[in-house]
Structure formats: structure tokens, C-alpha cells
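Below: the structure, in C-alpha cells.
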Amino acid sequence: MKAVLSSLTCHIALIVLAWHPSAAAAQEKAATQGDAPGFAYAAPAFIKELDTRFPAQPPMPPSPPRYGGVLHFPATVRAFDPTAGYRPELALVWDTLTEWEATWYFPEVQRTPVIRKTLATSWEMVTPSTWIFKLRQGVKFHNRPPVNGREMTAEDVKYSYELLKDKAQYSTRAALVKAIQVVDKYTVKFELSMPDPKFYLNVVDSLSPVIVPREAVEAPGGLAENPIGTGAFMLKEFAPGEGALLVRNPSYYLKDHDGRQLPYVDAVRLFFTKDPATDTALFRARQLDVMRVSTLDVLYALMKTVPDMQLYRVPSFGWGDYGVSMALDKTPYNDVRVRQALSMAINREVVAEVINRGDAALYGPFPWALAGYTKRADYTYANLGPNYEYSAKKAKELLAAAGYPNGFDMELEWAEFQGWTFNEFVQLVARFFGDVGVRVKLKQLETSTWIAKAAGVQPFPHTLAAFSPIGAGPSFMDWVYLRYHSSFPRTINREGISDPKLDDLLTTWRLDPGEKRPALQRAIWDHLRKNVYRITTIVPPHYRIAQAYVHAGANPYCWFPGYCSYEAKTAWMTEKAPSRKFEKFAQ
Amino acid sequence: MRTYVVRRALNGLLVLWLVSIVIFSLVRILPGDAVIMQLDQAAAPTPEILSRARQELGLERPFLAQYRTWITGAVHGDLGRSLITRRPVTNELLKRINLTSHLAVMSIIVALLIALPIGVLSAVKQDTASDYVARFFAVLGLSLPDFWLATVVITFLAIWVQWIPPIGFAPLWEDPARCLGQLLIPALIIGARLAAVSMRMTRSSLLEVLHQDYIRTARAKGARERAVIVRHALKNAFIPVVTVIGQQFSVLLGGTVIVEFIFLQPGVGSLMLDAVLLRDYTLIQGAVLFFATVIVVTNLLVDLSYAWLDPRIRYR
Chain X
-16 MKAVLSSLTC HIALIVLAWH PSAAAAQEKA ATQGDAPGFA YAAPAFIKEL DTRFPAQPPM
44 PPSPPRYGGV LHFPATVRAF DPTAGYRPEL ALVWDTLTEW EATWYFPEVQ RTPVIRKTLA
104 TSWEMVTPST WIFKLRQGVK FHNRPPVNGR EMTAEDVKYS YELLKDKAQY STRAALVKAI
164 QVVDKYTVKF ELSMPDPKFY LNVVDSLSPV IVPREAVEAP GGLAENPIGT GAFMLKEFAP
224 GEGALLVRNP SYYLKDHDGR QLPYVDAVRL FFTKDPATDT ALFRARQLDV MRVSTLDVLY
284 ALMKTVPDMQ LYRVPSFGWG DYGVSMALDK TPYNDVRVRQ ALSMAINREV VAEVINRGDA
344 ALYGPFPWAL AGYTKRADYT YANLGPNYEY SAKKAKELLA AAGYPNGFDM ELEWAEFQGW
404 TFNEFVQLVA RFFGDVGVRV KLKQLETSTW IAKAAGVQPF PHTLAAFSPI GAGPSFMDWV
464 YLRYHSSFPR TINREGISDP KLDDLLTTWR LDPGEKRPAL QRAIWDHLRK NVYRITTIVP
524 PHYRIAQAYV HAGANPYCWF PGYCSYEAKT AWMTEKAPSR KFEKFAQ
Chain A
9 MRTYVVRRAL NGLLVLWLVS IVIFSLVRIL PGDAVIMQLD QAAAPTPEIL SRARQELGLE
69 RPFLAQYRTW ITGAVHGDLG RSLITRRPVT NELLKRINLT SHLAVMSIIV ALLIALPIGV
129 LSAVKQDTAS DYVARFFAVL GLSLPDFWLA TVVITFLAIW VQWIPPIGFA PLWEDPARCL
189 GQLLIPALII GARLAAVSMR MTRSSLLEVL HQDYIRTARA KGARERAVIV RHALKNAFIP
249 VVTVIGQQFS VLLGGTVIVE FIFLQPGVGS LMLDAVLLRD YTLIQGAVLF FATVIVVTNL
309 LVDLSYAWLD PRIRYR
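From first to last, the protein sequence lines are chains X and A. Just so you know, our numbering puts the end of the first sequence at 570, numbered straight through with nothing missing. Just so you know, our numbering puts the end of the second sequence at 324, numbered straight through with nothing missing.
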């Protein structure tokens, strides 16, 4: 329903824009003046203008930052309680040992992500299975009962990891931790269940356990009633279904590069929006300051009516791709020639055109940057190889060689899912597969069933249209090792990929201290693009927009509703920002 | 009368018990569960961890044991805790019902303010230009889906006025201006559609009554037309209108999902939809049981109001 609403919203917005006098004037103007500020909505021309007017690297904000203001973000939080489930917005209240700097994401620096030292200030690998982390001294929990602003210590880290490590939301990262010991008040030692020379990447960002105080967890109502952390903001009001109000933590321990106290803004107000029409209307009415736009169409519509907005348009690291998973344990998908043929049968240019009017990048077995391709210009067919280039003729030849000269019957399951347009995607795929003789029966699933299949909890009989299993940050462990190694169950390795050579490569990678890792990652990339265990196609870029009066470092996670709020820690607002109160949420 | 009420109340209890069994069974037939639906896309738990999470939520206990625990609590007014927020279902429901009942009452008022005068006018001036215009707008109101109307309204408001209804509910008795500012436009959108239904019902019902013998008698006695309509016809004509309004009120209390979504008014509709999408069993069960109770009671009250509207009606 959300996808239908989204589509309707988009069409309605375009109709409205067509009627809007200034929009019509702008179109007329753009038609006569190539460098006019307005855009003529021919997608290629619009994309070209975006490339030149909004380069990936956002402009440096003027200095010094201004204190004050209330930032408004869209978000999706059902419980302000990290023990009940993970949400990126929780990072405003609860800290992890480290987190990503907001700038690491841009392609040229993707290989050297910058870690912000939050609760941990240094770490040391004793052996690949034993790590020691030094904690920041003088970090205080929020000054609220029952914790009353006491200092955060190593005991809290131990308690939090033991509390959260077996929770479904945190298990990706924390399950690796076999035991944790308190060495002294500010030092903890992690014993891992398997060696990992890059374990420090596993404690970054809020998909890793956040540090919570025992008193708040054990108090009546738990963290939901006592939302106390060490974060930059303190939860003042949580209105389920409506939003939340968070105010600045005056005792926050982080400072900016010039030694100024963070955060700059007085408060953050989150709106739990559920419909794209609401988001765009709120942004137009200057009720939202930063948000993510899902398609080029909506971006165009917004640019017409909010011409001074800022756009950070960056290639996706890997989140939000369109792909097809296959039941690799069944014929004919256990034949590499069939998988290669199916991949070749898809014209990715057409997919990009239909999904996002051509504004999308090719996508391979895992994020480009993890294979060493760090520039946008690297995202090419040449670097992906022949299995990703459209060739119906070669596809038919491969199918014939595999014993399917007349094709075969396939069931392709899919569902509506917020943020993706799988409906159009599966119809295209069915058409392309049909062209090489594969007769596709599309089967729409109820979204929950589809989620269960995409999460590997339920099997799919033939194929499943879905995004690739993802990682929370740029960690190769998250994106590749866990997702492709045969030792992991289907809930992690969705397709049940079992390839001894791949396992060897992955194990060698995991045990390598670091020098050979780039070469190993490229070798794994080459192996995967040849074997096509999962058909990947394209990934649209991330459009993250902000009002002209907001300066915020573009955040890697601003690719899905809620993730932008992460930026509030370092964002600031100019004097042109609307004056807003923050005594209570409904103001 | 008393016997009738007692009999209806007992029937209602039976209905509620059956509803509890049906909803408790149905939600468990749905694929997926609260643990799966809460997983982030980047999460990668093992089956053992998922199983442990289900155990923590009590989802792996035998079906009958789960039902017994829930229904015993429900009888004592405890509908359990949400599987997602971990908060008491009763609290979650009461907060949303507050907003939804505000919206429902305002929508009904809007609907009645539009429907009654136009419906009466349309019936009294049957087959005249004003009747045709009224009927045209009634059909238009029925034809326009409220999600379309709501999307258009919020988009136009944002573009032309750079304003949209404020977010963050304040009850009427706490902040009347904010409450009206927040709910008036959604109420107008919902009310417009309801008005179309009620107006058509008012018109057809009044037309039927106006052709009754007692109306002809009243006119023959020399009563003024205004008195005939207001004193003799309207009250009787309202019986089907009240029925429709009662049903619509019950439906509105169940939530107006799309309008709630678009205007970010977190009423019961969006609560229920979220609960279904996230497989929050206890919340779905509690909400359905609550609304089944509301509908049973509303229907009873509507039936009882017939006697007040038409003294010829007797209960046995």
C-alpha cells in the first residue's frame, strides 16, 4: 500500500507542479536558457545538471557554527529502547564504543573510512582473538534518576555487551564476542569466538551494542521508561506514532575540531512520518530540515518548489540495490551457466531507466569500494565482466549448453516494500528472461512473507526479487564474509552459498592481518562475479536534501528514513532557520 | 425493555468471546512474527538467537496456554503488553482512541452540518436545480477517495501556503486552537465523504416519509409546510440516518488509516495497521477486542434510540 501511495503521491505532485505557475514559468525559462536555475524535466538533462550543480562532495559550511535551533527530522521509532530493537535514531541517546565520521562515505575516501572515537579512545590487538579497548575517562550518563549522571566505566561496557549480544538486532556484531573482561575502570578486554584482525570495525555504529546503565535497565519500565545514555541528546518526550523531542545533553563529552562543545543545536524533534506525501509536504512547509528522497521524480518535484534546498547526491555504497536471489540448491540454479545466462539476459540500462529514470549505478556482488573501486568512474561493465553485460544471444547459448535450449519455467516471488519499486523491476526481469526462453510466473507475496524469505527464515522455491544482504557500515566482514561463507545459516547466508574455494578465500581474508586484504578482496570479487551466486543489477544514488539554513555533514546512513537524524550531533542552523520551541513535542 | 437489554448484552458477550478466539487464531496463521518483522536489513541473527527472542516474547508457548493467559488478563482489564514497544496495550490504545474519537466526532459534526440541510433541501425541492446540484456533489463526494483528496490537499497547502496542519496532538480541552488547527482539515476530508452518504440517505428517507398518509393528513389539516417537515417528517426520516451515522461512527473509531498516515495523526487506524505489519499479536488482539466491544455497544445504543425517535417501536 505504501508503494502505491508513494507512486500516487509522485503523480499527484507532478500534476500539482504542472499547475503551479512558477513551475510552468521555470520550465519555459529552462527551455530557452540552458543555464537557467530551473530544470526542464527531461531526466538525462536533469541528471546532468545535478552532476554539475550538486557535486558529490558537499560544500564546506561557513565557520564558525552557530549554536541554537531545533532540528526536525523524519524518523521511524517504535520504542526508544535499545533492548527492544535497533533503530539508528537511538544513536542520539546511546553511544557505541566508536562511530563513523559523517564524511567517510564519499567515493574518494570510501576505502579509508574515518572512525570517530566516542566512548573508546584507543584499541589494541593482543592476538586476532583478543582485543583491548581503552575507554574515554570522565564520560557521564545523562543526569537523570536513577543513574544521576554517574560516570560510565568498563563495568557498563561489559554489562551492555552481555545484555545485548544475544539480541537478534545486535547479533551480527556482538555474537563474535565470546567473553568480555574488565581490566580496570577504563579498560575492557574482548575475547572473540573466531579470530578477526579487524574487530575494531565491529564496534562501530549503533548496530553494535550501545552502552546502557544497569540501573536504568533494572528500574521499573526499563530503558523504555528510563531512556538514559551517554549520547549527545536526552529524550525529553516520546509520543508513539507521532514523534519525539530530544534536548541537548549539556554534559556531552565530544567537542568539534576547534574545541567547541557539541552538539550545536538545542534540540531535535523527530516526526514518525509514514507516507512520502507527508514528508515532502513537511519539507515544503519548512517543518522538516533534512530528509531522504527516494526517487528522481520526487527530487525534481521538490526542487521546483524549494529551489534553495541543498542536495547531497552520492552513489550508494550498496544499500538499496535491485537483485534476484536463486535457490542454489535446486536445478537449474545450481548450474553456473544458467546463473550466468540469467544475469546476461537482463539489460541493466533499461532497469536503471525504469527504476529511477536512468540515475543509478551498476552493482556487483558487493560494494564497489570493498573491491578497491573507489571512484564513480570505476562503476563500469568493464570492471564487472561479461556476466553483467546484456547479451540475449550469449544467454541463449549458455542455456542451451546447460541443457535448456527451450528455456525452463521459473517462479519469481516479490512484494511491495517501502523504498523499492519491485513491481516494475520484476516485470522487467520477467520480460528479459522471457526473451531468452525462461518462462516466468510472477508471484506477489504479502510483505511479511517476503521479509521472512529475504531474511532466510523461510525458503523460496525458485527465485526471489530482493535487495542484497547488507552491512551496517563499510565492513567487509558484514557485507561479504558473513553473507557468503558456507558456515553460516540461511538467516545470514540467504542463498545457502556453499563453495569450498570461496570459503578458502574468505577464511584467508579473515585471518590476514591486513596487508593482503585488498588483493584478497579483489580475488573474492572476481570469484563472485564469475559465479553469479546472486543476480545484482543496479543501485540508485542517495538523495539527501536539507533546507538552506542547515549545515550538516552528509551522513552515510541517510539512505533510509530515520538515518539522517544521526547527523544532528554535528549539524548547525543559521539565523535564517525558523524559530521553534522545545518545551514539549507538540508545539 | 430490560429483558431486551439483558438478552442483547448476553448476545454481545457471546460475540466478543467468539471474536477473541477468531482474532487470536488468525494473527497466528499470518506468516512472519514480531521478531522477524523488527529485524534491521543489516541484522544477521542465527536461528538460535531468533528462537530465543521468540521465547522472550512468549511466542513459543503452546497455543492454548497463550490464549488462556491473554483472555484471563483481558477479562480483568489487562490486554497485555505490546510485543514491539513493551508498553501496556491498554495505554497504547487509550492514547490513540483520544485522538481518533476527536477526529471521529469532528468528522461526524462536519458530515451532519453538510448533509442534513442539503439532504432536506434536496428532498423538499425534489427534481429542481438545487436537488440536481446537491445530488451531483453527493456522487462526487462518494467517488473521490479520501487518500487522493488528502494527498492533494496536503500538497496544495504545502506549495501555496507553505503550511500544513501542526503535528503533535493536543486534546480540545487542553489547547482548543491547536486541536482545531490539527484536526479540522482531516475532519473536513473525512466529513465530506460521510456527508455524501448521509445526505443521500436523508434525502431518500425524507422523500419516503413525505409520501406517507400522516403527512398528507397533516397538510390536509392546514399545517404549515415548515411545521409538517420539521415536526412530523424529519424525526421519522432520521431513523435510517441515525443508523448510518452510528455505523459510520463505529467505523471511524476503528480508524481512518490513510488520512491518519498522510496528516500524521496517530490514531487507532495507524496503530492497527502498524500492529498488523509488525505482527504485534497482543496489540492486534487487544485492539480488535476493544473495537468489537465498541461496535456491540454502539449497535445496542442505536437500536435503543429507535424508540425515542419513533414511539411506535416497542422492544420485546
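Don't be surprised by glycine CBs; every beta carbon is placed ideally from N, CA and C.
- In terms of beta-carbon proximity, Met280(A) stays away from the interface with chain X, with every pair separated by 8 Å or more.
- For Ala231(A), the secondary structure class from DSSP, reduced to helix, strand or coil, is coil.
- For Ala199(X), there are no C-beta contacts with chain A under 8 Å, since the nearest C-beta of that chain is about 14 Å from it.
- Along the region 96 to 183 of chain X, the alpha helix (DSSP H) occurs as fully enclosed runs of 4 or more residues at 137 to 147 and 154 to 157, listed in sequence order.
- In the same chain as Trp114(X), and ignoring 5 residues on each side of it, the C-beta atoms closer than 8 Å to its own belong to Trp106, Glu107, Met108, Lys172, Phe173, Leu175, Phe182 and Tyr183, in chain order.
- At a cut-off of 8 Å between C-beta atoms, Asp64(X) counts as an interface residue with respect to chain A.
- As a beta-bridge residue in DSSP terms, Ser308(X) pairs with Leu447(X) and Arg517(X).
- With a cutoff of 8 Å on beta-carbon distance, Arg340(X) and Pro298(X) are scored as not near each other.
- For Pro55(A), the chain X residues whose C-beta falls within less than 7 Å of its own C-beta are Pro472 and Thr474, listed in chain order.
- If you draw a straight line from the Cα of Phe391(X) to the Cα of Thr35(X), it is about 46 Å long.
- Residue contact check for Trp171(A) against chain X: a CB pair falls below 8 Å.
- Between Lys567(X) and Glu220(X), the C-beta gap is smaller than 8 Å, which places the two residues in contact.
- Taking the Cα positions, Leu214(A) is about 8 Å away from Phe246(A).
- Within the region 84 to 99 of chain A, the residues whose Cβ lies closer than 7 Å to any Cβ of chain X are, in chain order, Ile92, Thr93, Arg94 and Arg95.
- The beta carbon of Ala295(A) sits closer than 8 Å to the beta carbons of Val97, Leu101, Val276, Leu279, Met280 and Ala283 from its chain, once the five residues preceding and following it are set aside; these are given in chain order.
- Asp461(X) reaches chain A at Ala50 and Ala52, counting residues in chain order whose Cβ is nearer than 9 Å.
- If the five residues before and after Ala506(X) are omitted, its C-beta is found closer than 7 Å to the C-beta atoms of Leu488, all from its own chain and listed in chain order.
- Spatial neighbours of Ala560(X) in its own chain (CB-CB distance under 6 Å, excluding positions within 5 residues in sequence) are listed in chain order as Gly52 and Tyr532.
- Under the 8 Å Cβ criterion, the region 459 to 476 of chain X counts as touching the region 347 to 355 of chain X, having at least three qualifying pairs.
- Residues of the region 122 to 154 of chain X with a C-beta less than 9 Å from any C-beta of chain A: Asp149, Lys150, Ala151, Gln152, Tyr153 and Ser154, listed in chain order.
- Look at Gln220(A) here: in three-state DSSP terms it is coil, with no helix or strand label.
- Note that the C-beta distance between Val132(A) and Val205(A) is not below 8 Å.
- When Cβ pairs closer than 8 Å are counted between the two stretches, the region 184 to 202 of chain X is seen to touch the region 150 to 165 of chain X, the count reaching three or more.
- Take the alpha-carbon of Val265(A) and the one of Glu336(X): they are about 33 Å apart.
- Under the DSSP assignment, Glu220(X) falls in the beta strand (DSSP E) whose first and last residues are Phe216 to Ala222.
- In this model, Leu494(X) and Gly303(X) are separated by some 30 Å (Cα to Cα).
- The C-beta distance from Val251(X) to Phe216(X) rounds to 6 Å, short enough to meet the 8 Å contact threshold.
- Rounded to whole angstroms, the separation of the alpha carbons of Leu18(A) and Val423(X) is 54 Å.
- Taking 9 Å as the upper bound on Cβ-Cβ separation, chain X lies near residues Arg186 and Gln190 of the region 186 to 198 of chain A.
- Annotation for His468(X): no beta strand (DSSP E) segment contains it, and DSSP assigns it neither H nor E.
- When the five nearest sequence neighbours on each side are left out, the beta carbons in the same chain lying within less than 7 Å of the beta carbon of Leu38(A) are those of Arg287, in order along the chain.
- Within the same chain, and ignoring the five residues on either side of Asp486(X) in sequence, the residues whose Cβ sits closer than 7 Å to its Cβ are His468 and Ser469.
- Legend: CB atoms of the region 211 to 228 of chain X lying less than 8 Å from CB atoms of chain A belong to residues Ala222, Pro223, Gly224, Glu225 and Gly226.
- Proximity of Thr290(A) to chain X, defined by a Cβ-Cβ separation below 8 Å, is not satisfied.
- Counting along the chain, the unbroken alpha helix (DSSP H) around Tyr283(X) starts and ends at Leu279 to Thr288.
- Partner residues in the beta bridge of Lys238(X), as assigned by DSSP, are Gln244(X).
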